[in-house]
Amino acid sequence: MKYNIEQNTYVKLTGNEWEIFKMDLQLQGKNILITGGSKGIGKAIAQAFVLEGANVSIAARGIESLQKTKEEFGGNVSIFQADILKADEREKLMQSFIEQNGTIDVLINNAGGSNGGKALDTEMDVFYKALELNYFSAVHLSKLATEHMKTSRNGSIINITSIFGRESGGKVTYNNAKSALISFTKSFADEVIPYGIRVNSIAPGSILHETGNWKKRIEENPQQMKEFIQREIPAGRFGTPEEIANVVTFLASDKASWIVGASINVDGGQSRMNF
3 MKYNIEQNTY
13 VKLTGNEWEI
23 FKMDLQLQGK
33 NILITGGSKG
43 IGKAIAQAFV
53 LEGANVSIAA
63 RGIESLQKTK
73 EEFGGNVSIF
83 QADILKADER
93 EKLMQSFIEQ
103 NGTIDVLINN
113 AGGSNGGKAL
123 DTEMDVFYKA
133 LELNYFSAVH
143 LSKLATEHMK
153 TSRNGSIINI
163 TSIFGRESGG
173 KVTYNNAKSA
183 LISFTKSFAD
193 EVIPYGIRVN
203 SIAPGSILHE
213 TGNWKKRIEE
223 NPQQMKEFIQ
233 REIPAGRFGT
243 PEEIANVVTF
253 LASDKASWIV
263 GASINVDGGQ
273 SRMNF
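Spelled out as structure tokens, the structure:
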């Protein structure tokens, strides 16, 4: 989607409009794996890499959404059905990706989500599931990818976290998991940079997309959401998936070669943290 300033609305990008996001980051032929790549932020990230001429593979649990996305993109897009909550499926995913591509250049750990409410009202299995989805899956896939990246002594791993991994604005299960992932990003980055592998994270703020929670909330109570934006987002609007994708593709490129272990807010000023 793109933001129409005059009408204060978001519209879906069509045809050559995507070309405005192409940055020529010299990613042609790079082998990219994106989890949660069939919709929302992950889908926009996939599209951005396609525009850069990369060989893009997207993984998700639902085969129908994967096939629909592949039909939309065409070109250099492969799909892998995988439930990344399960360790054996994560291992199978990486194995299948390597068998198809020979190596992996960029891993985007984008899959995630949240359930539950306040800590006292949330069962422990919801905490465990949130950690598995948002944290352990990324840790596991990062370790698997690194084994192949070490051979080429080159690679980039980007974890999609959240500004609420740094402050308590979302659900507690989600905050905890994203906070852990931000911490892992820095620790793991220091460990693997000697092999030429860069690890970073991007912390989005409130992003509006067709299958997201914000769209539903706008439809249910537009006035409340207008007040939320005025109160919480200095930029005066929700972000778009493409604005996240722009930063992801840059971080994946050699133009970001000196960025290691960073956690970058992409939030229109929404975060209240100084660091």
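Just so you know, we're using the working numbering here: the sequence shown kicks off at 3 and counts up by one.
From the three backbone atoms N, C-alpha and C, an ideal C-beta is built for every residue, glycine too.
Bear in mind that the values here come from a model prediction, so they are computed numbers and not experimental data.
Residue i CB to nearest heavy atom of the ligand GTP below 7 Å
i	result
Arg233	Among the components modelled here there is no ligand, and therefore nothing to report on the ligand GTP.
Supposed close pair residue i, residue j - CB separation, criterion 8 Å
i	j	result
Ser59	Ser40	The pair is not a contact, with the Cβ atoms about 11 Å apart (cut-off 8 Å).
Thr163	Ile86	About 16 Å separates the two Cβ atoms, so there is no contact after all.
Ala191	Val262	5 Å
Arg239	Ala205	With 8 Å as the limit, Arg239 and Ala205 do not qualify as a contact, their Cβ atoms being about 18 Å apart.
Asn112	Ile47	6 Å
Gly271	Ala237	6 Å
Among the options, nearest to residue i - alpha-carbon criterion
i	options	result
Gly172	Gly119, Glu234, Pro224 and Ile209	Gly119
Tyr331	Ile65, Ile199 and Gly115	For residue 331 there is no data in the structure shown, the boundaries of the chain being 3 and 277.
Phe75	Glu91, Ala56 and Ser158	Ala56
Leu279	Glu169, Ile100 and Val128	In this structure the chain extends from 3 to 277, so residue 279 is not present and cannot be described.
Ile184	Val194, Phe166 and Glu193	Phe166
Leu95	Glu73, Ile34 and Leu122	Ile34
Asp107	Ile261, Leu133, Ile160 and Ser181	Ile160
Asn92	Lys72, Val141 and Leu133	The displayed chain sequence assigns Arg, not Asn, to residue 92. Looking at the Cα atoms, Val141 is the closest of the given residues.
Phe129	Ala182, Ala84 and Gln83	Ala182
Asp269	Ala62, Ile231 and Gly64	Ile231
Leu287	Ala89, Lys152, Ala121 and Glu125	The displayed coordinates of the chain run from 3 to 277. Any statement about residue 287 would go beyond what the structure contains.
Trp260	Ile195, Gln28, Gln225 and Met227	Ile195
Ala132	Lys180, Arg274 and Arg63	Lys180
Ser189	Ser139, Ser265, Leu27 and Gln69	Ser265
Asn193	Asn223, Lys152, Arg233 and His211	Checking the displayed sequence, the identity of residue 193 turns out to be Glu instead of Asn. Checked all of Asn223, Lys152, Arg233 and His211; the closest Cα to Glu193 is Lys152.
Ser139	Ala61, Ala121, Asn156 and Gln30	Ala61
Arg233	Glu221, Leu210, Arg274 and Glu73	Arg274
Gln30	Glu229, Glu73, Asn78 and His211	Asn78
Ser170	Phe51, Asp127, His211 and Ala121	Ala121
Val52	Asn276, Gln226 and Glu244	Glu244
8 Å Cβ cutoff met for residue i and residue j
i	j	result
Ile235	Ser208	yes
Ile43	Ile246	yes
Ser154	Thr105	yes
Thr251	Glu54	yes
Val201	Thr187	yes
Ser80	Gln102	yes
Gln83	Ile65	yes
Phe45	Thr71	Per the sequence presented here, residue 45 reads as Lys, with Phe not at that position. For Lys45 and Thr71, yes; Cβs fall inside 8 Å.
Residue-chain proximity (residue i, chain B), Cβ-Cβ < 8 Å
i	result
Lys131	Note that chain B does not occur in the displayed structure, where there is just one protein chain.
Any 3 or more C-beta pairs closer than 8 Å across the segment 165 to 176 and the segment 212 to 219:
Cβ pair count under 8 Å is below three, so no.
Between the segment 147 to 154 and the segment 245 to 263, are three or more C-beta pairs nearer than 8 Å?
No, the segment 147 to 154 is not in contact with the segment 245 to 263.
Beta strand (DSSP E) runs wholly inside the segment 186 to 263, at least 3 long, in chain order
Counting only unbroken stretches of 3 or more residues, the beta strand (DSSP E) elements lying wholly within the segment 186 to 263 are 199 to 206, in sequence order.
Which runs of the alpha helix (DSSP H) fall wholly inside the segment 72 to 127 and span at least 4 residues, in chain order?
Whole alpha helix (DSSP H) segments, 4+ residues: 89 to 103.
Please give me, in chain order, every unbroken run of the alpha helix (DSSP H) with length at least 4 that falls completely inside the segment 132 to 159.
You should have 139 to 154.
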